[in-house]
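Peer 1: Numbering (my numbering), first residue to last: 141 to 586. Glycine included, each C-beta is placed from N, C-alpha and C at the ideal position.
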């Protein structure tokens, strides 16, 4: 696994080292160039300043003040007259040939020389110097310039270590804060003034993740609590009914089996509703598409027709405007969610409508919106309870049906996710309840 600290330190120290080496190389060549210019000037000055009477080494020993400080191991001087052999050489053991006038770099006997020659009347003066002398001086100048940088290089590395450690300390604080939390703590992280701006996006993303985990955790706990609470009563009633049937010997009678079957059907319906509610509560990305509200309503009516026939209830699909009977009522919605909503509302209306009653599913348009209403001829809901019937597990006092109290809660949750309104109102002046879904965005096809 890659370490940001090691990566930063490695590249910073390597970069500093490369910079020091590059600076040293540049300083050396700069010093060498300047030294070369200085020594070239020295060669020219010496050649032009030699006295005309200089013909042997003894004369050089008695040179004037202009030659003070001139070291014989740094300069090699030769003077020619009209003869082919030099009349004067400053150092013995060196056989350097005569070169044309001017300044140049030559190689003689595997030694590089810098040579300056000058014609002065009847004589020719040549002054030479080993290139190594210039390189040594340039190296000494570079070392004198670079030694402070070399001395402070460890200090620079220490500063880099401290700066990188200080820059990464906010990450360590965030890690320590998360590590110190309990398993049940999903509270958001709080930014302080020491948190860099660059980490704000990371902290916000972590807080968003913690918030979603908290919602999912609370949804799970709510589902488990609701399931345990709602299943406890029917399971206990089923157990008591079976025990009573065993005691009185009526376990095999058709009536007992019918009652047991009814209890099991109720629990199956309750579990199904709980699972749908848990799915609706779980955060997820909505996948809206163009669907036919009419097709969904027809499917919901067809599925509920068996329950309606069992209760002798007239169930049908109608249109507020008769001229739109061929309109597919295309809308932007999640087909599965709207289908569950219609199924629950229609099922709820049938269950609370008395025998020989009537339930109508009515489609309508309102400008760029499509609406659907489920109107029944049941007892309706007391006005004081209209705002509470969409709460989970809420059932009106005196209700005779065997519902779970989740149908309208699920419908309201789906409506909220679609950003539409689910309204309930009692029919006036007639009996019954109207559940109206408004605000579905139309998607007319050209």
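Could you give the residue range of the beta strand (DSSP E) that holds residue 459?
Peer 2: Residue 459 sits at position 319 when you count from the first residue of the chain shown. Looking at the DSSP string, the run of the beta strand (DSSP E) that includes residue 459 is 454–459.
Peer 1: From what residue to what residue does the alpha helix (DSSP H) around residue 170 run?
Peer 2: For this step, residue 170 is matched to residue 30 along the chain shown. Segment 144–189, the alpha helix (DSSP H) holding residue 170.
Peer 1: List the endpoints of the continuous alpha helix (DSSP H) containing residue 216.
Peer 2: Here residue 216 is taken as the residue at index 76 of the chain shown, counted from 1. Run containing residue 216: none in the alpha helix (DSSP H); it sits in the beta strand (DSSP E), 216–220.
Peer 1: Output the boundary residues of the alpha helix (DSSP H) element that contains residue 264.
Peer 2: On the chain shown, position 124 is the one that residue 264 refers to. Looking at the DSSP string, residue 264 is not in any alpha helix (DSSP H); the run it does join, the beta strand (DSSP E), is 263–270.
Peer 1: Where DSSP assigns a beta bridge to residue 344, which residues make up the other side?
Peer 2: Mapped onto the chain shown, residue 344 falls at position 204. Paired residue(s): none; residue 344 is not in a bridge.
Peer 1: Who are the Cβ neighbours of residue 576 in its own chain at under 7 Å, not counting the five residues just before and after it?
Peer 2: Here residue 576 refers to the residue found at position 436 of the chain shown. 511, 513 and 563, listed in sequence order.
Peer 1: Around the Cβ of residue 254, are there at least 16 other Cβ atoms within 10 angstroms (buried) or fewer (exposed)?
Peer 2: As a working note, residue 254 is residue 114 in the chain shown. Buried, because 16 or more other Cβ atoms sit within 10 Å of the Cβ of residue 254.
Peer 1: Go to residue 251, then tell me how far its alpha helix (DSSP H) extends in each direction, as first and last residue.
Peer 2: Locating residue 251 in the chain shown gives position 111, where the first residue counts as 1. That residue, residue 251, is in no alpha helix (DSSP H); its beta strand (DSSP E) goes 251–260.
Peer 1: Please list the terminal residues of the continuous alpha helix (DSSP H) segment that includes residue 490.
Peer 2: Taking the chain shown and counting its residues from 1, the one referred to as residue 490 is at position 350. 475–491 is the extent of the alpha helix (DSSP H) around residue 490.
Peer 1: Counting pairs of beta carbons, one from the segment 170–181 and one from the segment 339–350, are three or more of them closer than 8 Å?
Peer 2: Taking 8 Å as the limit for Cβ pairs, the verdict is that the segment 339–350 does not touch the segment 170–181.
Peer 1: Count the other CB atoms, across all protein chains shown, that sit within 10 Å of the CB of residue 465; report buried if there are 16 or more and exposed otherwise.
Peer 2: By 1-based counting over the chain shown, the position of residue 465 is 325. It is exposed - the Cβ of residue 465 has fewer than 16 other Cβ atoms within 10 Å.
Peer 1: Comparing C-alpha positions only, which one of 448, 566, 488 and 506 sits nearest to residue 550?
Peer 2: For the purposes of this step, residue 550 is taken as the residue at position 410 of the chain shown. When only C-alpha atoms are compared, the closest one is 488.
Peer 1: Name the one or two DSSP bridge partners that residue 578 has.
Peer 2: Here the question's residue 578 lines up with position 438 in the chain shown. Paired residues: 561.
Peer 1: From this set, 411, 478, 491 and 503, which residue's C-alpha is nearest residue 456's C-alpha?
Peer 2: Residue mapping note: residue 456 aligns to position 316 of the chain shown, counting from 1. Ranking the options by Cα distance to residue 456, first place goes to 503.
Peer 1: So for residue 235, helix, strand or coil by DSSP?
Peer 2: Here residue 235 is taken as the residue at index 95 of the chain shown, counted from 1. Reduced to three states, the DSSP call for residue 235 is coil.
Peer 1: I'd like to check one pair, residue 497 with residue 520: are the Cβ atoms closer than 8 Å?
Peer 2: Indexing the chain shown from 1 puts residue 520 at position 380. Indexing the chain shown from 1 puts residue 497 at position 357. Not a contact, by the Cβ cut-off of 8 Å.
Peer 1: If we ignore side chains and look at the alpha-carbon of each, how far apart do residue 500 and residue 531 end up?
Peer 2: Stepping through the chain shown from its first residue, residue 500 is reached at position 360. Stepping through the chain shown from its first residue, residue 531 is reached at position 391. Computed Cα separation, rounded: 24 Å.
Peer 1: According to DSSP, simplified to helix, strand and coil, what is residue 569?
Peer 2: Counting from one through the chain shown, the residue named residue 569 turns up at place 429. Residue 569 falls in the coil class under three-state DSSP.
Peer 1: Under a three-way DSSP split, which group does residue 505 fall into?
Peer 2: Taking the first residue of the chain shown as position 1, residue 505 is located at position 365. Three-state result, residue 505: strand.
Peer 1: What residue does the beta strand (DSSP E) around residue 434 start on, and which one ends it?
Peer 2: Translated into positions along the chain shown, residue 434 becomes position 294. Per DSSP, residue 434 belongs to no beta strand (DSSP E); it is in the alpha helix (DSSP H), 433–450.
Peer 1: Buried or exposed, going by whether 16 or more other CB atoms sit within 10 Å of the CB of residue 547?
Peer 2: In the chain shown, the residue the question calls residue 547 occupies position 407. Residue 547 is buried by the Cβ-count criterion.
Peer 1: Could you check whether the Cβ of residue 329 sits closer than 8 Å to any Cβ belonging to chain D?
Peer 2: In summary, chain D is missing from the structure at hand, where a single protein chain is found.
Peer 1: Between 490, 156 and 557, which has its C-alpha nearest residue 573's C-alpha?
Peer 2: Position 433 of the chain shown, counted from the first residue, corresponds to residue 573. For the residues 490, 156 and 557, the minimum Cα distance to residue 573 belongs to 490.
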